[in-house]
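Below is one structure, written out as C-alpha cells; comments come after it.
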Amino acid sequence: MSVLCNRGCTHSAPYGAAGLLVYRYSSSGKVEILLGQQEGSTQYGFTWDTTWRRQDLYRTVDDRMRQQVLEKTGLDLKQCVWPTRKLTNDHGGWVHTTFLAQPKDGFEISDLNLDAETRINMEWVTRNELDNKDLEPTFKTFVENSLDHILPPDRHDLLLSLYG
9 MSVLCNRGCT
19 HSAPYGAAGL
29 LVYRYSSSGK
39 VEILLGQQEG
49 STQYGFTWDT
59 TWRRQDLYRT
69 VDDRMRQQVL
79 EKTGLDLKQC
89 VWPTRKLTND
99 HGGWVHTTFL
109 AQPKDGFEIS
119 DLNLDAETRI
129 NMEWVTRNEL
139 DNKDLEPTFK
149 TFVENSLDHI
159 LPPDRHDLLL
169 SLYG
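Residue numbers (our numbering): 9 to 172.
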C-alpha cells in the first residue's frame with residue numbers, strides 16, 4: 009500500500025517513516041555519514057541510504073526508530089549519542105522524521121550485525137563521495153535539499169593543524 013502526500017509524492021510507507029543519520033568527523037576533518045546499501049531484492053535494490061523504518065499507528069516514532077536500528081544493524085543505541093538532533097519533514101499528510109546521532113569513541117562498522125535480508129554493506133561516506141553512490145530516491149532528494157543545512161561543516165585544515 010502506498011500513499012500520495014500533499015506534495016504529490018508517492019510513499020510506500022503509508023503512516024510516515026523515520027531515519028537515523030549517524031555522522032562523525034574523519035581524521036582529515038571531513039564529516040562522514042554512515043550509509044547502508046540495500047539488498048538487491050528490496051524496492052530500490054543496491055541503492056544507498058540511511059537506516060530507516062516505516063511508521064505504524066501503534067508506536068511512537070522514537071520507539072520505532074530504536075527497534076529498527078536494533079533489528080537492521082544490531083546496534084544498541086547506547087553506542088550512539090541519541091539524539092543530537094531530531095528533524096521532521098512534513099509533506100502534508102505524510103511525515104518523515106530524521107534522527108541525527110554521533111557514535112561514541114571506538115565505534116566501528118564491524119560492531120554492526122547487519123540484517124542480510126535488507127542490508128549488504130555499510131560505509132562511512134563524505135559529502136563529496138555521495139555523488140559516486142547510487143542513492144535511494146527519497147534519500148537523494150533529502151541530500152540535495154537538506155543535508156548541508158543539518159550537518160556541521162567539515163573542519164578546516166588550519167583548525168586541524170592548530171587544534172587537532
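Even glycine gets a Cβ: it sits at the ideal position worked out from N, Cα and C.
For this session: Tell me whether His157 is buried or exposed, calling it buried when 16 or more other Cβ atoms sit within 10 Å of its Cβ.
Result: Looking at its Cβ environment, which holds fewer than 16 other Cβ atoms inside 10 Å, His157 is exposed.
Exercise. Secondary structure at Lys86, three-state DSSP: helix, strand or coil?
Worked result: The DSSP-derived three-state label of Lys86 is helix.
Exercise. Between Glu152 and Pro161, what straight-line distance do the alpha-carbon atoms span, to the nearest angstrom?
Worked result: Annotation: Glu152 to Pro161 spans about 16 Å, alpha carbon to alpha carbon.
For this session: Give every residue of the same chain whose Cβ lies closer than 6 Å to the Cβ of Ile41, excluding the five residues on either side of it in the sequence, and list them in chain order.
Result: Only Tyr31 and Val133 meet the Cβ criterion.
Exercise. Quick check: the region 41-54 against the region 131-150, are there 3 or more CB pairs under 8 Å?
Worked result: Touching, yes.
Exercise. Cα-Cα, which of Glu116, Gly114 and Leu95 is closest to Leu108?
Worked result: Ranking the options by Cα distance to Leu108, first place goes to Leu95.
For this session: Measure the CB-CB distance between Gln76 and Glu144 and report whether it falls below 8 Å.
Result: Contact flag unset, no.
Problem set entry | Element boundaries [beta strand (DSSP E), containing Asn129] | Counted as a single uninterrupted DSSP element, the beta strand (DSSP E) harbouring Asn129 occupies residues Arg127 to Thr134.
Exercise. Okay, do the region 9-22 and the region 111-122 touch, 3+ Cβ pairs below 8 Å being the bar?
Worked result: Counting C-beta pairs with one atom in each stretch, the region 9-22 and the region 111-122 have fewer than three that are closer than 8 Å, which means they do not touch.
Problem set entry | Of the residues His164, Leu120, Thr55 and Arg127, the one placed nearest Asp142, counting alpha carbons only | The candidate whose alpha carbon is nearest that of Asp142 is Thr55.
Exercise. How many Å lie between Pro22 and Tyr171 at the Cα?
Worked result: Taking the Cα positions, Pro22 is about 47 Å away from Tyr171.
Problem set entry | CA-to-CA distance, Ser169 to Phe150, given in whole angstroms | Approximately 33 Å, taken between the alpha carbons.
Exercise. Is DSSP giving His157 helix, strand or coil here?
Worked result: Three-state result, His157: helix.
Exercise. Taking Cβ to Cβ, would you say Lys80 is nearer than 8 Å to Asp123?
Worked result: In terms of Cβ geometry, Lys80 and Asp123 form a close pair [threshold 8 Å].
Problem set entry | Cα-Cα separation between Leu155 and Thr106, rounded to whole angstroms | Rounded to the nearest whole angstrom, the CA to CA distance from Leu155 to Thr106 is 11 Å.
Problem set entry | Arg163: first and last residue of the uninterrupted alpha helix (DSSP H) it sits in | For Arg163, there is no enclosing alpha helix (DSSP H), since its DSSP letter is neither H nor E.
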